[in-house]
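Asker: Note that the working numbering has the sequence shown beginning at 216, numbered continuously upward.
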Amino acid sequence: MNERVYNFSPGPAMLPLDVLQQASADIINFDNSGIGICEISHRSKEFMSVATEAEALLRELLNIPQNYKVLFLQGGASSQFYMIPMNLLGPGKKATYLNTGTWSKKSIKEAKLFGEIDVAYSSEEQKFNRVPEDTEYSVAEDSEYLYFVSNNTIYGTQFATMPKSDKMLVSDMSSDILSRPVDVSKFGVIFAGAQKNMGPSGVTTVIIRDDLLDKAPENTPTMLKYQTHAEKDSMFNTPPTFPIYIVGKTLKWLKENGGIAAIEKRNREKALRVYEIIDSGKYYRGHAEQKSRSMMNIAFNLPTADLEAKFIAEAAEQGLNGLKGHRSIGGCRASIYNAFPVEGITKLVDFMAAFEKNNPA
Ligand code: PMP
Numbered sequence: 216m217n218e219r220v221y222n223f224s225p226g227p228a229m230l231p232l233d234v235l236q237q238a239s240a241d242i243i244n245f246d247n248s249g250i251g252i253c254e255i256s257h258r259s260k261e262f263m264s265v266a267t268e269a270e271a272l273l274r275e276l277l278n279i280p281q282n283y284k285v286l287f288l289q290g291g292a293s294s295q296f297y298m299i300p301m302n303l304l305g306p307g308k309k310a311t312y313l314n315t316g317t318w319s320k321k322s323i324k325e326a327k328l329f330g331e332i333d334v335a336y337s338s339e340e341q342k343f344n345r346v347p348e349d350t351e352y353s354v355a356e357d358s359e360y361l362y363f364v365s366n367n368t369i370y371g372t373q374f375a376t377m378p379k380s381d382k383m384l385v386s387d388m389s390s391d392i393l394s395r396p397v398d399v400s401k402f403g404v405i406f407a408g409a410q411k412n413m414g415p416s417g418v419t420t421v422i423i424r425d426d427l428l429d430k431a432p433e434n435t436p437t438m439l440k441y442q443t444h445a446e447k448d449s450m451f452n453t454p455p456t457f458p459i460y461i462v463g464k465t466l467k468w469l470k471e472n473g474g475i476a477a478i479e480k481r482n483r484e485k486a487l488r489v490y491e492i493i494d495s496g497k498y499y500r501g502h503a504e505q506k507s508r509s510m511m512n513i514a515f516n517l518p519t520a521d522l523e524a525k526f527i528a529e530a531a532e533q534g535l536n537g538l539k540g541h542r543s544i545g546g547c548r549a550s551i552y553n554a555f556p557v558e559g560i561t562k563l564v565d566f567m568a569a570f571e572k573n574n575p576a
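#1: Do you know offhand how far G408's Cα is from N573's?
#2: Would you call S358 buried or exposed, if buried means 16 or more other Cβ atoms sit within 10 Å of its Cβ?
#3: Is the beta carbon of A228 within less than 7 Å of some heavy atom of the ligand PMP?
#4: Quick one: what does DSSP say V346 is sitting in, helix, strand or coil?
#5: Output yes if chain B places a C-beta closer than 8 Å to the C-beta of E479; else output no.
#6: Are P436 and G305 touching if we call contact CB-CB under 8 Å?
#7: Residues in the same chain with beta-carbon distance under 8 Å from K452, minus the five sequence neighbours each way, listed in chain order, please.
#8: Taking 6 Å as the limit between beta carbons, can you name the residues of its chain near N595, skipping five residues before and five after?
#9: Under a Cβ-count criterion, where at least 16 other Cβ atoms within 10 Å of its own Cβ denotes burial, should E218 be classed as buried or exposed?
#10: Which of the three DSSP states, helix, strand or coil, is assigned to A409?
#11: Report the CB separation of I560 from K485 in whole angstroms; it is logged as a contact under 8 Å.
#12: Identify the residues that DSSP records as bridge partners of N536: which are they?
#13: Since D333 is in the beta strand (DSSP E), which residue starts that stretch and which ends it?
#14: CB S322 to CB Y362, shorter than 8 Å?
#15: Kindly examine the ligand PMP and report whether one of its heavy atoms sits closer than 7 Å to the Cβ of P225.
#16: Would you say A549 touches the ligand PMP, meaning its beta carbon is less than 7 Å from a heavy atom?
#17: Check R395 in the structure and name its three-state DSSP category.
#18: With 16 as the cutoff for other CB atoms within 10 Å, does S239 come out buried or exposed?
#19: Check the C-beta distance from R274 over to A503 and give it rounded, since I have them as a contact under 8 Å.
#20: Is it the case that the CB of T368 approaches a heavy atom of the ligand PMP more closely than 7 Å?
#21: Comparing C-alpha positions only, which one of Q410, M567 and Y552 sits nearest to K480?
#22: Are the beta-carbon atoms of L427 and G403 separated by less than 8 Å?
#23: The beta strand (DSSP E) spanning N314 covers which residue range?
#24: Is the beta carbon of V404 within less than 7 Å of some heavy atom of the ligand PMP?
#25: So, helix, strand or coil for V234, using DSSP?
#26: Nearest by alpha-carbon distance to E282: which of K562, I422 and F374 is it?
#27: Beta carbon of A292: closer than 7 Å to some heavy atom of the ligand PMP?
#28: Does the distance from the CB of G291 to the CB of T419 come in under 8 Å?
#29: State the start and end residues of the unbroken beta strand (DSSP E) segment that holds V364.
#30: Measure the C-alpha to C-alpha separation of E254 and L517 and round it to an integer number of angstroms.
#31: According to DSSP, is R500 helix, strand or coil?
#32: Determine the closest residue to S390 out of F262, S293, F457 and T519, with distance taken between C-alpha atoms.
#33: Between L538, G417, A554 and A549, which has its C-alpha nearest A477's C-alpha?
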């Protein structure tokens, strides 16, 4: 295969071609230093400026207030499932969680190791095909925070607007960070694995309000305290240098392409074109309820499992890869993050129309 294909993978996912081209040169010789980006010391002035620039761009794009720290951590987004309650809860402390899919379920399981967890809403019985309205749950008065997953990668649902609560919000934004504006000041912690909207896997961005940094109990291991990483600007130990470098380049690409406002508009246009063909007849069926539909991951079914298998195989032959749904729900899923090109959407909707015509139910 000489040409790049349209890759609908849920993550790691497509990155901007410009970023990859620049990275391929910098892998050999970064910024005329004579050293490749993967070989350069994390304490060198060259790498320090990579990390500083990545943080500055993230702050600018998301309008992050001064009293928030940005951390670049390892251990995947999944490590935040325990780091958050480990740092913010403790015996006798409570938090409220919304169960809207696999990733919230996993974080609820971990949080229960550290405190009392109130699951105020669950759409599990409806196969996680929706997220709640604010009126559908209440947050316990003595909760430290309200935790939710802003976009459910597997089931293709998304909070169209962030939950409103008097309590501090904590959110896993792994699959929709930087895809739309967010009022960071409403949150205690926002975290996201980089591998969907920001870069490759290997780095997790944590945005945390600074008064929360020293809440961890005394016996918390050093590496698992937010404070440790905040005090050393994410350089307590060797950070994931190459992923941070790509994140910086991806953020620069986003800024040069109009920032969050422009990408939000483009993301909506891209997703609505796919939903339009899903809604145009009875052949394709979207998994998510209309109001809960994700602009990032579109989960859908065809009339039969055989047709779905044929659809996925024929799409791949035409350079439309990674359309198989997650094993927990089956069917098909198109993940179309920020860097997924508009031309790939055109190719997908044309393919969907032709497939329906050629393969009647
Ligand atoms: N949260 C969400 C919303 C995800 O989509 C994923 C991975 N797809 C994770 C958490 C877990 O991320 P990681 O594999 O980096 O631990």
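Where a beta carbon is used, it is the ideal one built from N, C-alpha and C, also for glycine.
Answerer: The relevant details are as follows:
#1: Between the alpha carbons of G408 and N573 lies a gap of roughly 39 Å.
#2: buried
#3: no
#4: coil
#5: Here chain B cannot be found, since the structure has a single protein chain.
#6: no
#7: Position check: residue 452 holds Asn in this sequence, whereas Lys was assumed. Excluding residues within five positions, the ones whose Cβ falls inside 8 Å are M438.
#8: Absent from the model: residue 595. The displayed extent of the chain is 216 to 576, so no value can be given.
#9: exposed
#10: A409: coil per DSSP, three-state reduction.
#11: About 5 Å separates the CB atoms of I560 and K485; that is less than 8 Å, so the two are in contact.
#12: N222, per the DSSP bridge assignment.
#13: E331 to S337
#14: Yes. Within cutoff.
#15: yes
#16: Checking every heavy atom of the ligand PMP against the Cβ of A549, none is found closer than 7 Å.
#17: coil
#18: exposed
#19: About 32 Å; that fails the 8 Å criterion.
#20: yes
#21: Nearest C-alpha to K480: Y552.
#22: yes
#23: From DSSP, the beta strand (DSSP E) with N314 extends over K309 to N314.
#24: no
#25: V234: helix per DSSP, three-state reduction.
#26: Per the sequence shown, the amino acid found at residue 282 is Asn instead of Glu. Of the listed residues, the one whose Cα sits closest to N282 is I422.
#27: Under cutoff, so the answer is yes.
#28: yes
#29: S358 to V364
#30: Note on geometry: alpha-carbon atoms of E254 and L517 lie some 48 Å from one another.
#31: strand
#32: S390 has its Cα closest to that of S293, out of F262, S293, F457 and T519.
#33: A554
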